[in-house]
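If you're matching positions, the sequence shown starts at 1 in UniProt numbering and goes up one per residue.
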Amino acid sequence: MPYQDKRETLNNEKVYKVVIPCPECRQKLKLPVYEDKKLRVTCPNPKCKKEFLFDCKKYRARQKLILSGTIIICFIILSAVIIAPIFLLDKGNVFITKVQNEYKSQFEKIQDEFTREKISIKESYNNEIKKIDVVALKTQATEHYEKIWEDRKSYSSKYAITPREKAQLEMLALSEDKIKSIKDIIRGIAIKAAPDNSTVNVLSSDSGYSLDIDFDMSELSSGEKGTRTKHDSIDSLKKEVIRLVSKVTNDVFEFCQNMDLESISIGCRHYVRQYNEENIHIGDINLIIYKICLDKKDLGELKDNPFLDIYFTTKYLTVEIDDFPNLEISDYFGVNHEK
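Below, the structure written as structure tokens:
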């Protein structure tokens, strides 16, 4: 809108001034606007001096028209802002209702299909149940598991899953070896049954064969590498050694019980620091600190016991070596052996 400057004329006629451009040179001219008058205007630019008429009445009419148009447009926009949301909301509700109805229809259709499928499956299941002959099924199951049991008793390789079961197959193959001597067979089976890195000897005499096994405590118990020990007392160390000896005895006996042995001797080794009479350290040695023996009579007692465990093994074993009275435990060096 052009710049307006309201002023009072001398005859108290209210006028205001506007700034308009010269039609020729476009210089800004400030002119008063009077009621129903035409002004003859000369451009003050010396290079232009353009003369033209300024019709105040037409200018006022044009300004009123612009103002009215602006008001009408604002009213239309305001009406649209008020009415449009109501219209759009109604349209939106119709659309939402339509979508909801479509989803509801699809859901009901899927639900009906699911119900029919469920009924069909249930009927099929009931028909299958009716066809089952319980007596025949029990007979088939009995025959099936009897066959499995016979295969397992025959040491079928397809049922050898655990390391012990696989070792049993290897020991069975050793026992059936016609080339090896009985002594080699016993030793081979004992090596499979004993802990890793064990020393296995088979001693023969007029009365039969005796099995002698010495194993390292560190193979079965953590914290016992070298002369180190996790125990803080000799009594605690001895209890674990006896438990491990009994466990190894059980394992060896389970594999060797049908070999008609005269005796089984099991020893537990542990590295100890050795000292002389002057209490000077002379070296470390892997010493048998505890050893037991089961003779033929004791082996028979274990063989007839269906609940073979560490308690019963301990009950029948005879102690051959017990070096614990000569041992001591130090915080820094571990297990020491006194001369």
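Beta carbons are placed, not taken as given, at the ideal position from N, Cα and C, and that holds for glycine.
Taken through DSSP and simplified to helix, strand or coil, Glu51 comes out as strand. Comparing alpha carbon positions, the residue from Glu170, Ser221, Glu277 closest to Cys268 is Ser221. Classified as exposed, Arg116 has fewer than 16 neighbouring CB atoms from the shown chains inside 10 Å of its CB. Look at Gln27 here: in three-state DSSP terms it is coil, with no helix or strand label. For Gly283, the enclosing beta strand (DSSP E) starts and ends at 281-295.
Looking from the CA of Thr229, the closest CA among Asp298, Ile266, Glu328 belongs to Glu328. Between Asp322 and Tyr290, the CB-CB gap stays under 8 angstroms.
In this structure, Arg273 keeps its C-beta atom at 8 angstroms or more from the C-beta atom of His231. The C-alpha of Ile121 is placed about 10 angstroms away from the C-alpha of Glu128.
Close CB contacts of Leu39 within its chain, under the 6 angstroms cut and outside five residues either way in sequence, are with Phe54 (chain order).
Segment contact: the region 210-226 against the region 169-180, fewer than three CB-CB distances shorter than 8 angstroms; contact not assigned.
In this structure, DSSP gives Tyr59 a helical state, which the three-state scheme calls helix. Between Ala190 and Ile161 the beta-carbon gap is near 23 angstroms, outside 8 angstroms, which marks them as no contact. In the DSSP assignment, the residues bridged to Gly334 are Ser330. With respect to Ala193, Cys256 sits close: the two C-beta atoms are nearer than 8 angstroms.
Residue environment: Ile82 is assigned as exposed (fewer than 16 neighbouring CB atoms within 10 Å of its CB, all protein chains considered). In this model, Val94 and Lys17 are separated by some 57 angstroms (Cα to Cα). For Leu65 and Gln106, the gap between their C-alpha atoms comes out near 59 angstroms.
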